[in-house]
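Data block below; observations after.
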Amino acid sequence: MDKQVRTRFAPSPTGFLHVGGLRTALYAYLFARHHNGKMILRIEDTDQERLVEGATTHLQEVLSTMNIDYDEGPDKGGEYGPYIQSERLEIYQKYAKELIEKDEAYYCFCTKDRLDEMRESQKKRKVAPMYDKHCRTLPKEDCEKALAASTPHVIRQAIPTDKTISFKDAVRGHVEFDSNTLDDHVLMKADGFPTYHLAVVVDDHLMEISHIIRGEEWLPSAPKHAALYESFGWDIPEFVHLPLLLNPDRTKLSKRQGDVNVEDYLAKGYLKDAIINFIALLGWHEEKSDQEIYSLQELIQKFSLDRVQKAGAVFDLQKFEWINCHYIKQLPDEELIEKILPHLEKEDFWQKNPDKTLLKNTLTDLRARLKTLSDVGEAIKSYFQVTSHDTSIYPHEKMKIDLPLAKKAIEEGLKVLEELPEEDFTEEKTKEALIAHVQKLEWKNGHLLWPLRVAMTGEKYSPGVFELLTVLGKEESLKRLKQALELF
RNA sequence: GGCCCGUUCGUCUAGUGGUUAGGACGCCAGGUUUUCAUCCUGGUAACAGGAGUUCGAUUCUCCUACGGGCUACCA
623 MDKQVRTRFA
633 PSPTGFLHVG
643 GLRTALYAYL
653 FARHHNGKMI
663 LRIEDTDQER
673 LVEGATTHLQ
683 EVLSTMNIDY
693 DEGPDKGGEY
703 GPYIQSERLE
713 IYQKYAKELI
723 EKDEAYYCFC
733 TKDRLDEMRE
743 SQKKRKVAPM
753 YDKHCRTLPK
763 EDCEKALAAS
773 TPHVIRQAIP
783 TDKTISFKDA
793 VRGHVEFDSN
803 TLDDHVLMKA
813 DGFPTYHLAV
823 VVDDHLMEIS
833 HIIRGEEWLP
843 SAPKHAALYE
853 SFGWDIPEFV
863 HLPLLLNPDR
873 TKLSKRQGDV
883 NVEDYLAKGY
893 LKDAIINFIA
903 LLGWHEEKSD
913 QEIYSLQELI
923 QKFSLDRVQK
933 AGAVFDLQKF
943 EWINCHYIKQ
953 LPDEELIEKI
963 LPHLEKEDFW
973 QKNPDKTLLK
983 NTLTDLRARL
993 KTLSDVGEAI
1003 KSYFQVTSHD
1013 TSIYPHEKMK
1023 IDLPLAKKAI
1033 EEGLKVLEEL
1043 PEEDFTEEKT
1053 KEALIAHVQK
1063 LEWKNGHLLW
1073 PLRVAMTGEK
1083 YSPGVFELLT
1093 VLGKEESLKR
1103 LKQALELF
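Given below as structure tokens:
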């Protein structure tokens, strides 16, 4: 790469960060870092109506928590600023004027009514709805008169006629369009703001962006941008149109079919490393490799544009959960506890009994149970409380045990456990002792273990007897068993 | 309707002019812990269709089908 690599992520501040946006940002970041280049954050707020207050700050925060550490942007500064488009209006106006002078753009005074009518009739005749270029041939005098009278107007791009516009896309190769199918779309709106098409081209050029990495939904407007570069006489950066992220039904990923915001997943307790890992693999994969787990550093080292997939990728929650599980299992004790605490604080049982020692004892079992951090309550509540004593659980079909027998089992268990010293409340020792007793009684394991487990938790599903005994310790275990005995 | 893009197991993907088309998630079965979760073992499952090039195409070319995206003074 002879020129310095400069990529940008250019969201509009209209709300939360979409996972598709995160992937675009991630790829821009990975590519820039891989080539020792720069990544820029640029805020595209040219649509005043869709602005959401605080969205820019929020965007910056989320990127930062995801460790996507861009080099230039509204909050970081840089030599190519300002990085917020609403602060660059004079720049766009200047370049729009230049296009007018070059006859590459023209003033348009058409009213909304006229345009609506025109489109309506085009639809009726089943022709492509496009601007009819009415003002493109407006006599100069009329145009000047209208301008002098301050008639509301826009500036439209004068798309060349009868031309093939082609460009190279890093993912798709050579792409070409017939210029006659391209609309003379608006470059400058009546409110003095540019549209995306003008702003993006001007800014990418001025900010010396080398690779335009964005979603595939932009591919149809890329030829217009290419034409604009040509009108200005500028070099065209490399286009990189990423395949779309998809719903399970293969439409463009959207709400209604699940969460799409990064902050939703963060809040649910998906780890950021897991999110990055999962998102990165949606549309990119290392050559000749089966690897599934990648750190951010590893991604930077291995990422390349030519391994980007052409087809869209379904956002598959199950695989996402699996990756998240993987990362949770690898978390060291201290970190796991730290991450889990905020989710635990919502739980009744924790508010009543915030026993950190007990929590620590559950960690091994907890790692096997968590899909997301927010599952923590469900996963360990039986260690903290006896939630219910549903006696209907005891006469269980499979176990062929009825209530009197269950009671007897608890008594037998108690006998053994009372004699076991506190320090022998480990998985191995409790198992040894209880199984030996089962053999002595000539029972089946389940006849003793099942009632003990339910007695200690009051639940149909819970951790195993030996785990419970180990985590709870002698005192608490015996207390619970005796309690159960009274209840039944 | 028009324009553009795409198509390997259900999903994410690896791969090659000659392969038993590989892995992961999921699912199913078995094992461990007589619950659940974890863990281990095994299994299920794909080159959209047609034509051409070729001794041979999943791989190269074309066509068709299907899917998707775009089609605003939104981005």
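Our numbering applies: residue 623 is where the first sequence begins, and numbers increase by one.
All C-beta atoms in this analysis are idealised placements derived from N, C-alpha and C, irrespective of residue type, glycine included.
Nearest-angstrom Cα separation, counted from residue j out to residue i
| i | j | result |
| --- | --- | --- |
| Y1114 | E709 | Residue 1114 lies beyond the range of the chain shown here (623 to 1110); nothing can be said about it. |
| K1037 | L1103 | 11 Å |
| K762 | Q779 | 17 Å |
| D725 | M810 | 15 Å |
| I901 | K625 | 28 Å |
| G637 | D1024 | 58 Å |
| T994 | L939 | 12 Å |
| K748 | S801 | 20 Å |
| H796 | W840 | 16 Å |
| D928 | M661 | 19 Å |
| I1002 | V1060 | 28 Å |
| Q879 | T979 | 41 Å |
| E671 | S634 | 12 Å |
| I897 | N946 | 8 Å |
| G934 | D871 | 12 Å |
| P954 | T668 | 45 Å |
| P845 | A771 | 34 Å |
| I831 | V627 | 7 Å |
| S1004 | P704 | 56 Å |
| K924 | I781 | 40 Å |
Limits of the beta strand (DSSP E) - the one that residue i falls within
| i | result |
| --- | --- |
| D791 | T786 to D791 |
| V797 | G795 to D800 |
| E860 | E860 to L864 |
| M810 | V808 to M810 |
For residue i: DSSP bridge partner residues
| i | result |
| --- | --- |
| T629 | M661 and H833 |
| C730 | V776 |
| I579 | Given a span of 623 to 1110 for the chain in the structure shown, any question on residue 579 remains unanswerable. |
| N899 | Paired residues: none, contrary to the question. |
| I706 | I665 |
| V930 | W906 |
| K874 | L868 |
| A935 | L867 |
Endpoints, the alpha helix (DSSP H) within which residue i is located
| i | result |
| --- | --- |
| G642 | V641 to H656 |
| V823 | Y818 to L828 |
| L841 | Element bounds for L841: n/a, residue is neither H nor E. |
| C765 | K762 to A770 |
| V1076 | N1067 to T1079 |
| E720 | L711 to E723 |
| S1004 | V998 to F1006 |
| T1052 | E1049 to L1063 |
| H965 | D955 to L966 |
| V884 | V884 to K890 |
| Y949 | L939 to Q952 |
| K1037 | L1025 to E1041 |
Cβ contact (3+ pairs, closer than 8 Å) linking the region 883 to 895 and the region 844 to 861: no
Would the region 943 to 950 and the region 669 to 688 be scored as touching if the rule is three or more Cβ pairs under 8 Å? no
Between the region 716 to 735 and the region 789 to 797, can you find at least three pairs of beta-carbon atoms closer than 8 Å? no
Between the region 956 to 974 and the region 860 to 879, can you find at least three pairs of beta-carbon atoms closer than 8 Å? no
Cβ pair count under 8 Å reaching 3, the region 1082 to 1094 against the region 1043 to 1053: yes
Just checking, does the region 755 to 769 make contact with the region 716 to 731 on the three C-beta pairs under 8 Å criterion? yes
The region 654 to 663 contacting the region 902 to 915, beta-carbon criterion three pairs below 8 Å: no
Okay, do the region 1029 to 1043 and the region 1066 to 1082 touch, 3+ Cβ pairs below 8 Å being the bar? yes
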